[in-house]
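A.B. asks: Let me begin by handing over the structure; questions about it come next.
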Amino acid sequence: MATTFFDTYGTWDAYDSSLPKEDIAIYVSAGGSGQGTKAVIDGTATFGMVARSVKDEEKEAIKDEKEYQVGIDALTIAVNPANPVNDVLDNLTTEQIVGLFSGEYATWKDLDSSLPDEEVVVITRDINGGAHEVFQKNIMGDTEVKADAIQASSMGELVQDIIDNQYAIGYASFGVANQNEGKVTPLKVNGVAATKENILDGSYIIQRPLLLVGSGDPTDVQQAFLDYVLGDEGQKTVEDMGFIPMK
Numbered sequence: 000m001a002t003t004f005f006d007t008y009g010t011w012d013a014y015d016s017s018l019p020k021e022d023i024a025i026y027v028s029a030g031g032s033g034q035g036t037k038a039v040i041d042g043t044a045t046f047g048m049v050a051r052s053v054k055d056e057e058k059e060a061i062k063d064e065k066e067y068q069v070g071i072d073a074l075t076i077a078v079n080p081a082n083p084v085n086d087v088l089d090n091l092t093t094e095q096i097v098g099l100f101s102g103e104y105a106t107w108k109d110l111d112s113s114l115p116d117e118e119v120v121v122i123t124r125d126i127n128g129g130a131h132e133v134f135q136k137n138i139m140g141d142t143e144v145k146a147d148a149i150q151a152s153s154m155g156e157l158v159q160d161i162i163d164n165q166y167a168i169g170y171a172s173f174g175v176a177n178q179n180e181g182k183v184t185p186l187k188v189n190g191v192a193a194t195k196e197n198i199l200d201g202s203y204i205i206q207r208p209l210l211l212v213g214s215g216d217p218t219d220v221q222q223a224f225l226d227y228v229l230g231d232e233g234q235k236t237v238e239d240m241g242f243i244p245m246k
């Protein structure tokens, strides 16, 4: 989105004539939700990208903390399209998901006797990251994910691991799953599909806000970028990326 903003306008005054005629310079660094808030706390970033609710201790550490919600994401429970589970079930209950991710169901046959006696390969993000925190809170509760789960370094890697392994299961971002439509199969959760409508009305429970977090009131140029992100152009980009825009 920052690249599109730069490529479209080039200088700040091209976006808003009241702003200075200076080149737009926006630097983006990835690293997860925790890194996003840490960068704001440390003063190394103007805005931190956070894909979960901001923790109370983070709010306290950020001077005059401000939040701007740019979209909504959900975590789909995704499997490989070639997994025989697709021929038997299109829905998993919370209890079944907990059983699969905790290792209670060591093989797919443990889930359903008609399925093959193949190991359930669990793929997660970093267990200290924002995505896993959302999954733990909304699905696992006090039960931990099994110790030998594969921890992917990015959501793209997580989805690729599912694509590469017929018997894998993981929680894939709604946006990234949409970008890989046909390559992974999202299952319903408690009978509810991960659709835009179900996410917006709250009936699909594994969801998270997409936030920009800052400190204090934004400067004029910072506000201009926020206006772009939260406006029609920026929100279309959010939707084009497979996420759910705020407008």
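Residue numbering for the sequence shown follows numbering that gives the first Met the number 0, beginning at 0 and increasing consecutively. For glycine and all other residues, C-beta sits at the position ideal for the given N, C-alpha and C.
Using the DSSP secondary-structure output, state which residues sit across from leucine 209 in a beta bridge.
C.D. replies: Gly70
A.B. asks: For the beta strand (DSSP E) that valine 0 lies in, which residues bound it at each end?
C.D. replies: According to the sequence shown, residue 0 is methionine rather than valine. Here methionine 0 belongs to no beta strand (DSSP E), and DSSP marks it neither H nor E.
A.B. asks: Does the stretch 215–229 come into contact with the stretch 57–68, if we say contact requires no fewer than three beta-carbon pairs (one atom in each stretch) closer than 8 Å?
C.D. replies: yes
A.B. asks: How many angstroms separate the CA atom of tyrosine 67 from the CA atom of phenylalanine 224?
C.D. replies: Cα to Cα, the separation comes out at about 12 Å.
A.B. asks: Comparing the CB of glutamate 21 with every heavy atom of the ligand ADP, is any distance shorter than 7 Å?
C.D. replies: Here there are no bound small molecules, and the ligand ADP is not part of this structure.
A.B. asks: Reducing DSSP to helix, strand and coil, say where serine 112 ends up.
C.D. replies: DSSP, reduced to helix, strand and coil, places serine 112 outside both helices and strands of the structure shown, so it counts as coil.
A.B. asks: Is the CB-CB distance between isoleucine 198 and isoleucine 243 below 8 Å?
C.D. replies: yes
A.B. asks: So for serine 202, helix, strand or coil by DSSP?
C.D. replies: coil
A.B. asks: According to the neighbour-count rule (16 or more other Cβ atoms, all chains shown, within 10 Å of its Cβ), is isoleucine 25 buried or exposed?
C.D. replies: exposed
A.B. asks: Please report the distance separating the alpha-carbon of glycine 174 from that of phenylalanine 100.
C.D. replies: Straight-line spacing of the CA atoms in glycine 174 and phenylalanine 100 works out to 22 Å.
A.B. asks: Who are aspartate 22's beta bridge partners in DSSP?
C.D. replies: Aspartate 22 pairs with Thr10.
A.B. asks: Can you look up glycine 128 in the DSSP assignment and give me helix, strand or coil?
C.D. replies: Here DSSP, grouped into helix, strand and coil, assigns glycine 128 to coil.
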